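Asker: This structure is in structure tokens; I'll ask about it shortly.
Residue numbers (this note's numbering): 19 to 325.
Written out as structure tokens, the structure is:
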């Protein structure tokens with residue numbers, strides 16, 4: 019039998035040795051081509067080790083994808099976790115510079131961080147205001163497993179039915195561990211738009227209180243947070259709507275509100291596998307329902323791309 023020694027042997031035995039999914043070794047411990055690490059190939063996968071990352075197993079479709087990309091010499095580098103469960107029946111292995119995700123219906127997908135952009139609005143009907151055109155703006159609240167914040171678009175002047183206002187505002191950059199986007203569409207009258215941004219910040223902050231309590235008891239970060247906290251985001255977002263109703267006063271007119279929960283799987287697939295759609299010059303991968311109020315009707319658009 020080929021030799022298995024040191025930290026790689028310890029990892030192999032911790033997983034169950036010959037009776038584990040790895041089975042018996044197929045190679046002696048070897049030096050990696052870059053000269054940094056050591057590895058053994060087994061019947062059911064591999065274990066890689068470096069002084070900085072320790073020993074971690076890689077197997078199955080995730081291992082196949084890593085091998086296809088160039089093993090440790092790829093942009094991903096060495097594994098820094100074993101393969102673990104991920105939401106919606108997925109699996110995931112993290113590497114020094116990125117991650118490989120897998121689901122039965124998608125196969126293996128390599129990805130680092132994702133970027134979410136607000137990309138604009140389309141007017142399907144103007145408000146009943148005395149002015150000839152609308153002056154809408156969008157207030158967005160974001161809840162992720164690790165934070166909550168609010169962002170406001172500019173006030174768009176002179177918007178008529180059938181027109182669009184393309185824009186590009188980065189609203190999230192990070193791991194695809196789940197996200198909830200609360201969208202508040204307002205018509206500017208005599209109010210201060212920043213007042214409504216402050217109300218949104220308070221609302222998403224209130225919704226995040228329950229998430230922070232859970233995050234505090236999770237000893238690790240990354241994919242484990244996605245698995246535990248990501249599904250919770252959809253459950254806490256109704257709090258945002260309740261808080262907004264309590265905090266919003268008179269001033270500008272509220273056209274509509276919606277929360278878009280995005281699961282970790284959706285974030286990965288939208289960023290890495292889904293092409294842009296387009297409406298009236300606005301590229302998007304996510305869109306609200308038709309937000310209607312005070313006679314006006316709009317949709318709000320978002321994009322997701324790899325970082």
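C-beta atoms are modelled at their ideal positions from N, C-alpha and C, and glycine is treated no differently. Remember, it's a predicted structure, so these values are computed and weren't measured experimentally.
Roughly how many angstroms separate the alpha carbons of residue 309 and residue 271, rounded to a whole number?
Answerer: Distance between the alpha carbons of residue 309 and residue 271: 13 Å.
Asker: Taking the alpha-carbon of residue 68 as reference, which of 56, 297, 95, 81 has the nearest alpha-carbon?
Answerer: The shortest Cα separation from residue 68 among 56, 297, 95, 81 belongs to 56.
Asker: How many whole angstroms separate the CB atoms of residue 158 and residue 201, which I take to be in contact at a CB cut-off of 8 Å?
Answerer: Contact flag correct, Cβ pair sits at about 6 Å.
Asker: Using 8 Å as the threshold, is the region 171 to 188 in touch with the region 296 to 316, meaning 3 or more CB pairs across them?
Answerer: With the cut-off at 8 Å, the region 171 to 188 and the region 296 to 316 touch.
Asker: Give the C-beta separation of residue 141 and residue 316 to the nearest angstrom, bearing in mind that I take them to be a contact with Cβ-Cβ under 8 Å.
Answerer: With 8 Å as the limit, residue 141 and residue 316 qualify as a contact, their Cβ atoms being about 6 Å apart.
Asker: Please state if the CB of residue 47 and the CB of residue 22 are separated by a distance shorter than 9 Å.
Answerer: Yes; because the gap between Cβ atoms is below 9 Å, this pair is in contact.
Asker: From this set, 306, 287, 70, which residue's C-alpha is nearest residue 128's C-alpha?
Answerer: Ranking the options by Cα distance to residue 128, first place goes to 287.
Asker: Counting Cβ pairs closer than 8 Å, one from the region 87 to 107 and one from the region 150 to 157, do we hit at least three?
Answerer: These segments do not touch.
Asker: So what does residue 121 bridge to, in DSSP terms?
Answerer: Paired residues: 125.
Asker: Of the choices 37, 118, 273, 72, whose alpha-carbon is the least far from that of residue 313?
Answerer: If we check each option's Cα against that of residue 313, 273 comes out closest.
Asker: Could you check which residue in 84, 199, 168, 36 has the C-alpha nearest to that of residue 279?
Answerer: Comparing Cα-Cα distances from residue 279 to each of 84, 199, 168, 36, the minimum goes to 199.
Asker: Exposed or buried, residue 197, counting other C-beta atoms within 10 Å across all chains shown (16 or more means buried)?
Answerer: Classification of residue 197: buried, given that the 10 Å Cβ count is 16 or more.
Asker: When you compare the CB positions of residue 45 and residue 58, do they come within less than 9 Å of one another, or not?
Answerer: Yes. Within cutoff.
Asker: Give the DSSP-derived three-state secondary structure of residue 238 in the structure shown.
Answerer: Because residue 238 sits at a pLDDT of 48, beneath the cut-off of 50, its placement in the model cannot be relied upon, and the following sentence gives the value as read from the coordinates. In the structure shown, residue 238 sits in coil (DSSP, three-state: anything other than H, G, I, E or B).
Asker: Roughly how many whole angstroms lie between the Cα atoms of residue 236 and residue 145?
Answerer: With a pLDDT of 48 at residue 236, under the threshold of 50, the modelled position of this residue cannot be trusted; read the value that follows with caution. Looking at the two C-alpha atoms, the distance is approximately 47 Å.
Asker: With a threshold of 8 Å, are at least 3 pairs of Cβ atoms found where one atom belongs to the region 81 to 90 and the other to the region 114 to 127?
Answerer: Touching, yes, given that three or more Cβ pairs across the two stretches are closer than 8 Å.
Asker: In the DSSP assignment, find the beta strand (DSSP E) that holds residue 288 and state where it starts and stops.
Answerer: That residue, residue 288, is in no beta strand (DSSP E); its alpha helix (DSSP H) goes 282 to 291.
Asker: Give the straight-line distance between the Cα atoms of residue 180 and residue 138, rounded to the nearest whole angstrom.
Answerer: Going by the C-alpha atoms only, they are around 14 Å apart.
Asker: Kindly list the residues whose CB is nearer than 8 Å to the CB of residue 115, restricted to its own chain and excluding five residues on each side of it in sequence; keep chain order.
Answerer: If we look at residue 115 and ignore the five residues flanking it on each side, its Cβ neighbours are 93, 94, 95, 130.
Asker: Taking C-alpha atoms, which residue in 53, 51, 20 lies nearest to residue 41?
Answerer: Closest by alpha carbon: 20.
Asker: Within the same chain, show all residues whose beta-carbon is closer than 6 Å to that of residue 169, passing over the 5 residues directly before and after it, in chain order.
Answerer: The answer, listed in chain order, is 158, 189.
Asker: Judging by CA-CA distance, which residue of 282, 194, 172, 162 is the nearest neighbour of residue 224?
Answerer: Of the candidates 282, 194, 172, 162, the one whose C-alpha sits nearest the C-alpha of residue 224 is 162.
Asker: Residue 65 bridges to which residues according to DSSP?
Answerer: Answer by DSSP bridge pairing, in chain order: 58, 75.
Asker: Can you tell me whether residue 272 is helix, strand or coil according to DSSP?
Answerer: Reduced to three states, the DSSP call for residue 272 is strand.
Asker: Please report the distance separating the alpha-carbon of residue 86 from that of residue 306.
Answerer: When rounded, the distance between both Cα atoms is 38 Å.
Asker: Pick out whichever of 37, 291, 193 has its Cα sitting closest to the Cα of residue 121.
Answerer: Measuring from the Cα of residue 121, the nearest candidate turns out to be 291.
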